[in-house]
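Scroll down for the structure; my scribbles are underneath it.
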Amino acid sequence: MSSLQFDIAHLLAGSLVLASFMMLYQDRLYALLNVYAMHAGVLALSVAWQAYVQQAPHLYLTAAIALVFKAIIIPVALHRIIKQLGIHREIENVIGIGLTMMAGIGLVALSMVVMLRVTPGADALAREDLAFALSVVLLGLLIMVTRRNAVSQVVGFMSLENGLVLAATGAKGMPLVVEISVAFSVLIAFIVIGIFLFRIRERFDSVDVQALDRFRGERR
Amino acid sequence: MKIDALTAILLIPAISAALLAVLPGYALTARFNVVAAFATFLTSLSLFVVEPNSGQYLLVDDLNKVFIVLTTFVGFTTSVFSASYINHEVETGRLTPAFLRFYHAMYQTLMFAMNLALVANNIGLMWVAVEVATLTTVLMVGIYRTHEALEAAWKYFILGSVGIALALFGTILVYMAARPVVGEGLDGMVWTVLVEHASQFDPALLNVAFVFLLLGYGTKVGLAPLHAWLPDAHAEGPTPISAVLSGLLLNVALYALLRFKMMLAVNPAAIAPGPLMVTMGLISVIFASLMLYRRRDIKRMFAYSSIEHMGIIVFAFGMGGPLANFAGLLHMTMHSLTKSAIFFAVGHIAQVKGTQKIADIGGLTVTNPVLGWGLMLGVVAIVGLPPLGIFMSEFLVVSSTFARAPWLTGILVLGIIIALGGLLLRAGSVMFGEPKGPTAPAEASYVPMFTHLALVALAGIYLPPALVTGFTNVAKLLG
Numbered sequence: 001m002s003s004l005q006f007d008i009a010h011l012l013a014g015s016l017v018l019a020s021f022m023m024l025y026q027d028r029l030y031a032l033l034n035v036y037a038m039h040a041g042v043l044a045l046s047v048a049w050q051a052y053v054q055q056a057p058h059l060y061l062t063a064a065i066a067l068v069f070k071a072i073i074i075p076v077a078l079h080r081i082i083k084q085l086g087i088h089r090e091i092e093n094v095i096g097i098g099l100t101m102m103a104g105i106g107l108v109a110l111s112m113v114v115m116l117r118v119t120p121g122a123d124a125l126a127r128e129d130l131a132f133a134l135s136v137v138l139l140g141l142l143i144m145v146t147r148r149n150a151v152s153q154v155v156g157f158m159s160l161e162n163g164l165v166l167a168a169t170g171a172k173g174m175p176l177v178v179e180i181s182v183a184f185s186v187l188i189a190f191i192v193i194g195i196f197l198f199r200i201r202e203r204f205d206s207v208d209v210q211a212l213d214r215f216r217g218e219r220r
Numbered sequence: 221m222k223i224d225a226l227t228a229i230l231l232i233p234a235i236s237a238a239l240l241a242v243l244p245g246y247a248l249t250a251r252f253n254v255v256a257a258f259a260t261f262l263t264s265l266s267l268f269v270v271e272p273n274s275g276q277y278l279l280v281d282d283l284n285k286v287f288i289v290l291t292t293f294v295g296f297t298t299s300v301f302s303a304s305y306i307n308h309e310v311e312t313g314r315l316t317p318a319f320l321r322f323y324h325a326m327y328q329t330l331m332f333a334m335n336l337a338l339v340a341n342n343i344g345l346m347w348v349a350v351e352v353a354t355l356t357t358v359l360m361v362g363i364y365r366t367h368e369a370l371e372a373a374w375k376y377f378i379l380g381s382v383g384i385a386l387a388l389f390g391t392i393l394v395y396m397a398a399r400p401v402v403g404e405g406l407d408g409m410v411w412t413v414l415v416e417h418a419s420q421f422d423p424a425l426l427n428v429a430f431v432f433l434l435l436g437y438g439t440k441v442g443l444a445p446l447h448a449w450l451p452d453a454h455a456e457g458p459t460p461i462s463a464v465l466s467g468l469l470l471n472v473a474l475y476a477l478l479r480f481k482m483m484l485a486v487n488p489a490a491i492a493p494g495p496l497m498v499t500m501g502l503i504s505v506i507f508a509s510l511m512l513y514r515r516r517d518i519k520r521m522f523a524y525s526s527i528e529h530m531g532i533i534v535f536a537f538g539m540g541g542p543l544a545n546f547a548g549l550l551h552m553t554m555h556s557l558t559k560s561a562i563f564f565a566v567g568h569i570a571q572v573k574g575t576q577k578i579a580d581i582g583g584l585t586v587t588n589p590v591l592g593w594g595l596m597l598g599v600v601a602i603v604g605l606p607p608l609g610i611f612m613s614e615f616l617v618v619s620s621t622f623a624r625a626p627w628l629t630g631i632l633v634l635g636i637i638i639a640l641g642g643l644l645l646r647a648g649s650v651m652f653g654e655p656k657g658p659t660a661p662a663e664a665s666y667v668p669m670f671t672h673l674a675l676v677a678l679a680g681i682y683l684p685p686a687l688v689t690g691f692t693n694v695a696k697l698l699g
């Protein structure tokens, strides 16, 4: 593999981590969605590049799914839902942005230390990809735990899933990658948009998970 | 594709799910659901007579036969219970016929997904199956569309998805570890191939992979501290789903974990998965048994008891060795049977009394003697009093591990005793004392409940030699 190929793959995977960081500090839902669309776009580029480098044409399909479904359809649909529900207000964070960013930096450092240490045998591209992918996964988790709003939790989950797709495509020759990414996308669309948001809207007039918290299971 | 018993246990639920989604009339579809579940159960029994060939995608061996038969059996009895349960739900208007069509289709989809997870020979396919099972149960937990049900479903969806995502990352890492040895492509995810070559895998990568798999599938098993979804999901969904969740879905996730444990056991340089599992098991037991004391909702209480028992089972498998594995398997079977029987009783009780609050239920043995004593028998069984099956399996867990790790086993026994106190205390107030709430007789089907309890009671006194040899073989397989 030429060093240019490696550098581009590196750049794209690194951009994905950067986009995850950008999602961490967004305090408006629309802005968060826009960053997510960019996140998915970068993922599509990264997957397409892997398809080219590995000469694995089926990965182009995964890239296309990422581009069309995750970068365009889902953000547009979520935009509409937000508009319909009238919740384009600020997102309430559980902890301050400064602390969240510090935690994010810590998580990226952690994943670098863990993944680079355990994969000395693997080829450099897969290694870096895996380390970046774990960072994206952990940052996605962080987004999910620091947001109270249901839509932003879903966005966090989707960014986490982007990290998984990055890891799966980085693992050269892994079977079922396309199937897994299709399954993930369909299920996300089906469950999240189709059912939960509408039901929650219907019952609560809010998609703020804090509203849910009032109805804690342990009834008194 | 050739149709044999192996594909049939997948095809029957899959086709039934499609049919149930379009068939009208809930009385008819409830019966059809029972018939489909029974057909799947019979097919799974045939696995013992003729063993189908395993391929690159599907696999049948001694280990998953036990799980499949248990899953299809409890799936069948639960469908019988569900038929009488939903009748009442429709009468009281909590569910509409349109929702029931959806409910039955989801029930069979869940059976399909669990069977697929159990027979999958491909770790990617297994992951997809566990994911589908999770999502179908999310939909069913939220089916009542009350505030509590939606919160429970949302919590379950978020935590379940995170767990499942971590498990996928672990699966990818396993493939990364396998690739240099078995080559690129499908072989790198076929479980039988992986186990064969696992001794040459990079141990460091395997270690990290197992940590992710343990956290991921452990969430689905309901191990503390990853259990937060479990009590809500059990309490707020329809009771047949609570029975299937506790009795079966937790086992399926555990099965996935056991497969990976077997893979790690082949590689001497990798970490021993045992201690990790023992620790998480013990934490779950102690935590859940303490939590039993302050429960106000009867279904939540039994959900915590499920966490406790999954802890005991994971502890037993974590200790390893033929005896402890045998005890773990037996305990898993007994727990599935007993816990689903308890949920059958609790489901009808909650319908009669119109509440799940422990404080509002009382004197059941007077007002509804059959249900009351049935639940009492179930509680006596679940806390592990002799001579019932759970006493037997808990005794085996303790006696097979005590010599090796007296301190750890001591903690386990402490947890079991705390749980015994908590459950008997609460159950006593429900069962005896002043009758509270409506006293109408229950329109219940007692057959599934008493079938399970009879099996548990029988196992406490006499284990058929065929079962013992079968379990012994599996226990050896588990290492």
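Residue numbers (my numbering), protein chains in the order written: chain S, 1 to 220; chain E, 221 to 699.
By construction, the Cβ of each residue, glycine as well, lies at the ideal position given by its N, Cα and C atoms.
Coil, strand or helix - residue 340/E by DSSP: Correct three-state label for residue 340/E: strand.
Going straight from the alpha carbon of residue 231/E to that of residue 332/E, what length do you get? Between the alpha carbons of residue 231/E and residue 332/E lies a distance of about 8 Å.
Quick check: is the beta carbon of residue 392/E nearer than 8 Å to any beta carbon in chain S? Yes, residue 392/E counts as interfacial toward chain S.
Hey, out of 429/E, 275/E and 695/E, whose CA is closest to residue 406/E's CA? The shortest Cα separation from residue 406/E among 429/E, 275/E and 695/E belongs to 275/E.
Using a Cβ cut-off of 8 Å (strictly closer), state whether residue 128/S contacts chain E. No, residue 128/S lies away from the interface with chain E (no Cβ there is under 8 Å from its Cβ).
Can you name the start and end residues of the alpha helix (DSSP H) that residue 311/E belongs to? DSSP places residue 311/E inside the alpha helix (DSSP H), whose first and last residues are 282 to 311.
Check the C-beta distance from residue 152/S over to residue 70/S and give it rounded, since I have them as a contact under 8 Å. 16 Å between Cβ atoms; not a contact.
Can you list, in chain order, the residues of the segment 154 to 187 of chain S whose Cβ is nearer than 7 Å to any Cβ on chain E? Against chain E - using a Cβ distance shorter than 7 Å - the residues of the segment 154 to 187 of chain S are 157, 160, 161, 164, 167, 168, 171, 172, 173, 174, 175, 176, 180, 183 and 187.
Any idea if residue 72/S is buried or exposed, counting beta-carbon neighbours within 10 angstroms, 16 or more meaning buried? Residue environment for residue 72/S: exposed (fewer than 16 other C-beta atoms within 10 angstroms of its C-beta).
For residue 410/E, which three-state DSSP category applies? Strand at residue 410/E.
Going by DSSP, what residue range makes up the alpha helix (DSSP H) through residue 454/E? Looking at the DSSP string, the run of the alpha helix (DSSP H) that includes residue 454/E is 449 to 456.
Runs of 4 residues minimum, wholly inside the segment 117 to 172 of chain S: which ones carry the alpha helix (DSSP H) assignment? Secondary structure in the segment 117 to 172 of chain S: the alpha helix (DSSP H) runs of 4 residues or longer, each lying completely within the stretch, are 124 to 146 and 150 to 170 in chain order.
Take every Cβ of the segment 476 to 491 of chain E, pair it with every Cβ of the segment 502 to 515 of chain E, and state whether three or more of those distances are shorter than 8 Å. Contact between the segment 476 to 491 of chain E and the segment 502 to 515 of chain E is not established, with fewer than three Cβ pairs separated by less than 8 Å.
Say whether chain S places a C-beta atom closer than 8 Å to the C-beta of residue 424/E. True, the Cβ-Cβ gap to chain S drops below 8 Å.
Taking contact to mean 3 or more Cβ pairs, one atom from each stretch, closer than 8 Å, check whether the segment 242 to 257 of chain E and the segment 292 to 300 of chain E are in contact. With the cut-off at 8 Å, the segment 242 to 257 of chain E and the segment 292 to 300 of chain E touch.
Per DSSP, what are the beta-bridge partners of residue 240/E in this structure? Residue 240/E is not bridged to any residue.
When Cβ atoms are compared, which residues of the segment 365 to 378 of chain E fall closer than 9 Å to chain S? Listed in sequence order: 365, 366, 367, 368, 370, 371, 372, 373, 374, 375, 377 and 378.
In the DSSP output, which residue or residues are listed as bridge partners for residue 583/E? Residue 583/E pairs with nothing; no bridge assigned.
For the segment 338 to 355 of chain E and the segment 128 to 138 of chain S, state whether three or more C-beta atom pairs, one from each stretch, are separated by less than 8 Å. Short answer: they don't touch.
For my contact list, residue 44/S and residue 66/S are in at a C-beta cut-off of 8 Å; report their separation, rounded to the angstrom. About 4 Å; that satisfies the 8 Å criterion.
Pick helix, strand or coil for residue 221/S, following the three-state DSSP scheme. There is simply no residue 221/S to check, as chain S begins at 1 and stops at 220 in what is shown.
Does the segment 445 to 457 of chain E come close enough to the segment 395 to 411 of chain E that 3 or more CB-CB pairs lie under 8 Å? They do not touch, by the three-pair rule.
Buried or exposed for residue 494/E, please, with buried defined as at least 16 other CB atoms from any protein chain shown within 10 angstroms of its CB. It counts as buried.
Closer than 8 Å to chain E by CB, residue 119/S: With respect to chain E, the C-beta atom of residue 119/S has a partner C-beta closer than 8 Å.
Can the beta-carbon of residue 286/E be found closer than 8 Å to that of residue 267/E? Going by beta carbons, residue 286/E and residue 267/E fall outside the 8 Å limit.
Distance between residue 489/E and residue 422/E (C-alpha atoms, nearest Å): Between residue 422/E and residue 489/E, the C-alpha separation is close to 9 Å.
Taking only three categories from DSSP, how would you classify residue 27/S? The three-state secondary structure of residue 27/S, taken from DSSP, is coil.
Can you give me the start and stop residues for the alpha helix (DSSP H) that residue 264/E sits inside? Unbroken alpha helix (DSSP H) run through residue 264/E: 246 to 269.
Since residue 538/E and residue 501/E are thought to touch, with beta carbons under 8 Å apart, how far apart are those beta carbons, to the nearest angstrom? Confirmed, Cβ separation roughly 6 Å.
I think residue 470/E touches residue 436/E, with their Cβ atoms under 8 Å apart; what is that distance to the nearest whole Å? With 8 Å as the limit, residue 470/E and residue 436/E do not qualify as a contact, their Cβ atoms being about 14 Å apart.
What are the residues in the segment 3 to 32 of chain S lying within 8 Å of chain E by C-beta distance? Within the segment 3 to 32 of chain S, no residue qualifies.
First through last residue of the alpha helix (DSSP H) which encompasses residue 689/E: It spans 685 to 698 - the alpha helix (DSSP H) in which residue 689/E sits, taken as one unbroken run.
Are residue 602/E and residue 643/E close, meaning C-beta to C-beta below 8 Å? Between residue 602/E and residue 643/E, the C-beta gap is smaller than 8 Å, which places the two residues in contact.
Any residues in the segment 96 to 117 of chain S with a beta carbon nearer than 9 Å to a beta carbon of chain E? Which ones, in chain order? From the segment 96 to 117 of chain S, only 114, 115 and 117 have a Cβ closer than 9 Å to chain E.
Are the C-beta atoms of residue 499/E and some chain S residue less than 8 Å apart? With 8 Å as the cut-off, residue 499/E does not count as an interface residue toward chain S.
For the alpha helix (DSSP H) that contains residue 487/E, what are its first and last residues? Counted as a single uninterrupted DSSP element, the stretch harbouring residue 487/E is not any alpha helix (DSSP H), since DSSP gives it neither H nor E.
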